[in-house]
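Presented below is the structure to which this report refers.
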Amino acid sequence: MAALISGIHHITAIAGNPQKNLDFYTGILGLRLVKKTINFDAPDVYHFYFGDELGAPGTVFTTFPFEGARKGTKGTGELTYTAFSVPLDALGFWMERLGKYNIPFSTPLSRFGEKLIRFEDHDGMGIELIATNKDERKGWTYGNIPLEFAVRGFYGATLNLKAKELTEKLLTQFMDYRFIAEDGGRYRFGTKGDPGDIVDIVIDPNGRQGTQSAGTVHHIAFRTANEASQLEIQQKLIRNGYQVTEVKDRNYFKSIYFREPGGVLFEIATDEPGFAIDEDEAHLGELLKLPEWIESQRSKLEARLAKVELNVEKYA
Ligand code: ZN
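Residue numbers in the sequence shown follow numbering that gives the first Met the number 0, run continuously in steps of one, and reach 315 at the last position.
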């Protein structure tokens, strides 16, 4: 049977101050703001989508930022680190850049034969940059990051769990993932095993449960080609006892959600139709975009949302 899932679609985190959040992901990391909208389930909170030029699946990190959000804590039952892929010789550039903006970062670590650095955004969101020559995506340049060092998209994500068996079963039996390798207690899974589809499980049997709020991940979305393949995976999961939601229309993709046995919220999102559905490709992210059903409340919502601006030129 053809694979229904082909890797990571997007990862969504909760954040604090919207302007700081915007500055960090566009200005410092050099991602493009490809959509500025609202949380469809909580319309007075922004939903920012950051990604490559067009927000291709596998590059999109999204946030629900709201001023005054209390800080969450990292722990079990959570996606604790989101890893982006950078070119093999790019870590020096990134260490210098993070230093310039006073972002503390780890010394280079080794994992499965590759080097990475680890740091956090303003809210404590765990980020890794993994230097790899296995990423065939051509990358893009945005802001002031030279293309030769720029983020290529996601490398993968780390799930911190009390046990791995049930999550491993879900991934490998029902979600087209396979076990790839183990390194120092880190269990790697992938659809192909390439940057953009990696899920690592780290087991922490006695760890404290994480608390979800600013600086923690809300959910990870996996990609499926279209609405037909989404219905197929939805039915397959339901048949096997998972509590999956109905299909929700997220304007830029369709989504279903369910909680994996270790506690992390999983989503399966369609590759279609993408972010150019309601904005010209050259102007993605410039205007506040609202779904049709809430457009009539635009002035009320705009009055409640903090004003934000793109400051990419300030991050030379
Ligand atoms: Zn999502």
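Note that CB positions come from ideal geometry on N, CA and C, so glycine has one too.
Option in the options with minimal Cα separation from residue i
i	options	result
G29	I37, T58, D40, S5	T58
N205	F47, A162, L236, E294	A162
E113	F83, E95, S228	F83
A275	G125, K191, G284, R185	G284
R31	Y45, V243, G138, V201	G138
R303	G192, F60, H8, I37	I37
I7	P17, Y45, L78, P42	L78
G183	F92, V85, L108, T210	L108
A213	G123, H282, F60	G123
F118	L158, D193, Y80	Y80
V216	G142, V85, K73	K73
A130	D193, P42, S295, V201	D193
F221	I237, Q211, S254	S254
I237	F173, A224, K306, F188	F173
P86	E308, I144, G262	I144
D40	E301, V307, R258, P290	P290
Y268	S295, F188, P56	With the sequence shown as reference, residue 268 is identified as Ala, and Tyr is not the correct amino acid for it. Looking at the Cα atoms, P56 is the closest of the given residues.
Euclidean distance between Cα positions of residue i and residue j
i	j	result
N310	K235	45 Å
D248	L286	20 Å
F104	Y154	18 Å
E147	L90	11 Å
L160	S298	43 Å
D199	T210	20 Å
I197	K313	33 Å
N250	P272	8 Å
Residues sharing a beta bridge with residue i, DSSP
i	result
Q208	T75
P86	T131
E119	G125
V311	According to DSSP, which records beta bridges pairwise, V311 is partnered with nothing at all.
S109	K114
T81	I126, A156
V198	A156, F188
A268	R222, S254
Y48	K34, T61
T11	T61, H218
K70	A213
K168	BP columns for K168 are empty, so no partner.
Residues near residue i by beta carbon distance below 6 Å, same chain, minus five either side
i	result
S228	L3
D120	F23
P260	L165, T166
Y256	T244, E266
D134	S84, R151, P194
Nonlocal neighbours in the same chain, by C-beta distance under 8 Å from residue i, ignoring five residues either side
i	result
E278	K34, G284, E285, L286, K288
N20	A14, F47, T62, P64, D120, H121, D122
Same chain, Cβ closer than 7 Å to residue i, neighbours up to 5 away in sequence not counted
i	result
E52	R31, W139
L97	F104, F118
I149	The amino acid occupying residue 149 in the given sequence is Ala; Ile does not appear at that position. These residues qualify, in order along the chain: G29, G138, W139, T140.
G142	T25, G26, G29, V311, Y314
- Exercise answer, beta-carbon shell around the ligand SAH heavy atoms below 5 Å: In the structure shown, the ligand SAH is absent; the only ligands present are the ligand ZN.
- Can at least three beta-carbon pairs, one atom from the stretch 17-28 and one from the stretch 174-191, be found at a separation below 8 Å? Output reads no: the stretch 174-191 does not touch the stretch 17-28.
- Message: Would you call the stretch 43-59 in contact with the stretch 8-19, where contact means no fewer than 3 C-beta pairs closer than 8 Å?
- Response: Counting Cβ pairs under 8 Å, three or more are found: they touch.
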